[in-house]
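These protein sequence lines are chains A and B, in that order.
Under numbering that gives the first Met the number 0, the residues of the first sequence are numbered 0 to 151, in order.
Under numbering that gives the first Met the number 0, the residues of the second sequence are numbered 0 to 450, in order.
These notes are about the structure you will find just below.
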Amino acid sequence: MIPERLRKCVQSGLSIIVGTADAEHVPSCCRGLALKTSDDFETVTVYLPAATSHETMANIATTRRLAVLCSEVSTHETTQIKGVTRGVRLAPSADEVFVRERLEAFAESLASLGLPRHVTRSLAHWPAFAVDLTVEEVFDQTPGPNAGNPLK
Amino acid sequence: MTLSEISRCFHGVIPSIIASSDRHGVPNVTYLSQVHLLDERHVVLSRQFFNKTSRNIAENPQVCIEVYDPVTFEAWRLRLRFLRTETSGPLFESMAMRIQAIASHTGMSGVFRLIGADVFEVLRVERVDGYLTGAASPAEPLSPTGGYRTELRGLQLVSERINRAEDLETLLAAALDALAVYFGFEHTIVLLNDEAAGRLVTISCRGYGGGVGAEVAFGEGLIGTVAAERRVLRMTGLEASLQYGRAVRREILSGEGGRTIRPEIPLPGLADAQSALVIPLTVGERLTGVLAAESRDPLAFGEWDEAYLGIIGNQIALGIDRVMQEESELDAGLAPPPRALPARMRRHTLTYYRDDDSIFFDGEYLIRNVPGRILWKLLAEWKREGRTAFTNRELRLDRSLGLPDLKDNLETRLILLRSRLREKFPAVQLTPTGRGRFSLVVNAELELVER
Numbered sequence: 000m001i002p003e004r005l006r007k008c009v010q011s012g013l014s015i016i017v018g019t020a021d022a023e024h025v026p027s028c029c030r031g032l033a034l035k036t037s038d039d040f041e042t043v044t045v046y047l048p049a050a051t052s053h054e055t056m057a058n059i060a061t062t063r064r065l066a067v068l069c070s071e072v073s074t075h076e077t078t079q080i081k082g083v084t085r086g087v088r089l090a091p092s093a094d095e096v097f098v099r100e101r102l103e104a105f106a107e108s109l110a111s112l113g114l115p116r117h118v119t120r121s122l123a124h125w126p127a128f129a130v131d132l133t134v135e136e137v138f139d140q141t142p143g144p145n146a147g148n149p150l151k
Numbered sequence: 000m001t002l003s004e005i006s007r008c009f010h011g012v013i014p015s016i017i018a019s020s021d022r023h024g025v026p027n028v029t030y031l032s033q034v035h036l037l038d039e040r041h042v043v044l045s046r047q048f049f050n051k052t053s054r055n056i057a058e059n060p061q062v063c064i065e066v067y068d069p070v071t072f073e074a075w076r077l078r079l080r081f082l083r084t085e086t087s088g089p090l091f092e093s094m095a096m097r098i099q100a101i102a103s104h105t106g107m108s109g110v111f112r113l114i115g116a117d118v119f120e121v122l123r124v125e126r127v128d129g130y131l132t133g134a135a136s137p138a139e140p141l142s143p144t145g146g147y148r149t150e151l152r153g154l155q156l157v158s159e160r161i162n163r164a165e166d167l168e169t170l171l172a173a174a175l176d177a178l179a180v181y182f183g184f185e186h187t188i189v190l191l192n193d194e195a196a197g198r199l200v201t202i203s204c205r206g207y208g209g210g211v212g213a214e215v216a217f218g219e220g221l222i223g224t225v226a227a228e229r230r231v232l233r234m235t236g237l238e239a240s241l242q243y244g245r246a247v248r249r250e251i252l253s254g255e256g257g258r259t260i261r262p263e264i265p266l267p268g269l270a271d272a273q274s275a276l277v278i279p280l281t282v283g284e285r286l287t288g289v290l291a292a293e294s295r296d297p298l299a300f301g302e303w304d305e306a307y308l309g310i311i312g313n314q315i316a317l318g319i320d321r322v323m324q325e326e327s328e329l330d331a332g333l334a335p336p337p338r339a340l341p342a343r344m345r346r347h348t349l350t351y352y353r354d355d356d357s358i359f360f361d362g363e364y365l366i367r368n369v370p371g372r373i374l375w376k377l378l379a380e381w382k383r384e385g386r387t388a389f390t391n392r393e394l395r396l397d398r399s400l401g402l403p404d405l406k407d408n409l410e411t412r413l414i415l416l417r418s419r420l421r422e423k424f425p426a427v428q429l430t431p432t433g434r435g436r437f438s439l440v441v442n443a444e445l446e447l448v449e450r
């Protein structure tokens with residue numbers, strides 16, 4: 000059964016972060032742009048800006064391991080997905096509208112906290128990489144005593 | 000790039016991210032409420048509920064954090080190596096107090112607390128190139144102090160005004176006025192320590208449109224925490240935590256109020272404050288009160304402001320002490336002034352509740368505790384004997400008012416009473432007529448009811 004919280008991860012307006020580690024286990028992080036699934040969460044695709052994800056791409060190429068953090072800005076409700084990369088590709092131009100829409104929704108979320116929309120819109124977002132990963136584990140990562148509890 | 004050059008990133012306005020990895024190389028990523036800048040080579044992370052990250056750090060001391068400039072939204076990645084966890088000492092105490100303040104605000108005292116202060120060595124600081132496209136907001140120079148200011152002149156002026164003030168009301172009004180003019184602090188509050196009640200009472204505020212008389216218990220919220228700890232608290236990026244905390248606090252307070260017919264006075268404070276600077280007013284070891292400044296600007300208060308407000312706080316504390324001392328000395332030897340006849344106009348009902356000394360006018364809460372007893376005494380004598388002229392000395396000598404023999408804070412209570420009357424029930428006023436003397440001015444027909 001798919002946890003409700005995992006389903007929420009593909010909603011718009013979320014803050015998305017990915018974490019990776021290199022072969023020496025040195026971690027790195029990078030802001031993501033959007034998340035979607037086409038096989039009911041057996042895999043998810045996370046979009047990362049090409050401009051800022053060099054290190055993340057290099058780590059994925061080496062270790063294939065990926066952690067994706069999805070957070071609702073206003074409530075801090077946060078979910079972490081962990082899995083193994085299935086494939087990495089340059090996102091096709093057909094996906095550009097989707098990525099832009101997600102960035103716009105993120106700008107709306109942050110605007111409610113006072114960050115001007117034009118600042119969020121200026122985040123590098125295209126071209127982007129699309130990383131497919133198999134969902135292995137899902138954790139509650141909302142700040143508090145339950146952070147780290149498995150949801151799947 | 001040095002850490003001090005990106006100091007805005009450490010104000011907690013935009014949550015930072017931490018990536019860690021376990022001994023097998025499985026990454027973990029999560030948010031950090033705040034990264035504390037310790038010095039040019041070290042940062043500190045607070046550990047409250049860290050769990051997985053904590054376990055990873057125990058296995059693998061290398062972490063990566065990403066921090067964001069709250070003005071330009073530019074990003075920096077910091078490569079860190081874990082050094083040690085502190086569970087006592089000045090660093091721990093200082094961080095614990097900040098967390099206690101937030102916990103108190105969110106109704107989580109004792110639940111949400113600092114377990115440890117994790118100190119990390121900063122190995123590298125890297126700007127995330129290409130994070131923003133060219134359309135970014137106009138970047139401001141990164142300056143922790145904000146450039147040239149007029150604080151020195153402001154400090155001089157505040158000192159002069161405080162030293163010249165003949166009474167507490169003038170002193171506090173002058174101090175808050177100068178803080179607004181010379182420091183740009185538009186929202187300020189002074190609360191005095193009511194030792195007998197174990198609470199702080201708002202005696203003067205600026206920029207809130209009321210709020211005098213609001214009470215804060217020791218250890219409650221930012222202000223109560225500062226009073227209990229007697230340490231300065233400077234908090235930035237309060238947006239999410241304090242907005243939520245204020246809502247919870249209001250609920251808790253309304254729940255504690257007991258009978259619904261006695262509404263609590265709303266606590267002073269901006270509903271959307273994004274930063275706060277709260278300073279204990281102390282003379283020697285004694286806490287006189289608390290001075291608090293708030294702002295909607297998440298970066299309003301820097302170290303510079305903390306230093307200056309600290310100096311002003313000391314002067315205000317000494318000034319309060321001096322004025323109160325003079326007031327007590329002056330009272331000796333003053334005879335009660337003559338009586339006068341009351342005026343009569345509109346009709347109001349004032350109800351005095353004996354069990355908590357609270358007074359309501361036409362069903363609306365006015366004041367309680369010692370100021371309530373004082374007002375009732377004055378009104379009773381006015382009603383019975385037609386008296387309108389009173390002295391502080393006779394109030395001090397009246398045992399029924401329950402003023403302590405030493406440090407009775409009578410002047411404070413009278414200011415509070417005057418301010419509440421002005422704000423809520425202007426039909427009755429207390430007008431100073433000289434040092435240690437005042438008149439009761441009643442511009443209404445009053446029915447006094449005791450329950």
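Glycine included, C-beta positions come from ideal geometry on N, C-alpha and C.
- Under DSSP, Pro431 of chain B forms a beta bridge with B:Phe437.
- Secondary structure of Gln61 of chain B (DSSP, three-state): strand.
- DSSP places Trp75 of chain B in the strand class (E or B) of the three-state scheme.
- Per DSSP, Ala123 of chain A lies in no alpha helix (DSSP H) segment and is marked neither H nor E.
- Taking the Cβ atoms as the reference, His35 of chain B lies roughly 4 Å from Val43 of chain B, within the contact range of under 8 Å.
- No Cβ-Cβ contact shorter than 9 Å links Leu439 of chain B with Arg346 of chain B.
- The way I'd put it, the region 58-67 of chain A does touch the region 80-97 of chain A; three or more beta-carbon pairs between them come closer than 8 Å.
- His186 of chain B counts as buried, since at least 16 other C-beta atoms from the protein chains shown sit within 10 angstroms of its C-beta.
- Contact between Ser3 of chain B and Ile64 of chain B fails: their C-beta atoms lie close to 17 Å from each other, not under 8 Å.
- Gly18 of chain A counts as buried, since at least 16 other C-beta atoms from the protein chains shown sit within 10 angstroms of its C-beta.
- Burial state of Gly212 of chain B is buried, judged by a 10 Å Cβ sphere holding 16 or more other Cβ atoms.
- Here Asp117 of chain B carries a strand assignment [DSSP, helix/strand/coil].
- Proximity of the region 282-289 of chain B to the region 192-201 of chain B meets the contact definition, three or more beta-carbon pairs being nearer than 8 Å.
- As DSSP reads the structure, Thr19 of chain A sits in a beta bridge with A:Ser27.
- The way I'd put it, the region 211-227 of chain B doesn't touch the region 64-80 of chain B; fewer than three beta-carbon pairs between them come closer than 8 Å.
- Nearest in C-alpha terms to Asp193 of chain B, of all of B:Leu415, B:Val62, B:Val127, is B:Leu415.
- With distances taken between CA atoms, Met0 of chain A lies nearest to A:Asp39 out of A:Ala33, A:Glu23, A:Asp39, A:Ile15.
- Around the Cβ of His53 of chain A, a 10 Å sphere holds fewer than 16 other Cβ atoms; the residue is exposed.
- Taking the beta carbon of Cys63 of chain B as reference, the chain A residues within 7 Å of it are Pro26, Ser27, Cys28, listed in sequence order.
- Note that the C-beta distance between Asn442 of chain B and Pro425 of chain B is below 9 Å.
- Taking Asp320 of chain B as the centre and dropping the five residues before and after it, the same chain places the C-beta of Val282, Thr287 closer than 8 Å to its C-beta, in chain order.
- The C-beta separation of Pro2 of chain A from Val134 of chain A comes to about 10 Å, leaving the pair out of contact by the 8 Å criterion.
- Between Ile188 of chain B and Gly318 of chain B, the gap from beta carbon to beta carbon reaches 9 Å or more.
- For Val130 of chain A, the beta-bridge partners assigned by DSSP are A:Val45, A:Val87.
- Its chain contains Asp139 as the residues whose beta carbon lies nearer than 6 Å to that of Asn145 of chain A, once the 5 sequence neighbours on both sides are disregarded; these appear in chain order.
- Rounded to whole angstroms, Val66 of chain B and Glu168 of chain B show a C-alpha spacing of 45 Å.
- With fewer than 16 other beta carbons inside 10 angstroms of its own, Glu284 of chain B counts as exposed.
- The shortest CA-to-CA distance from Phe437 of chain B to any of B:Gln155, B:Arg386, B:His10 is the one to B:Arg386.
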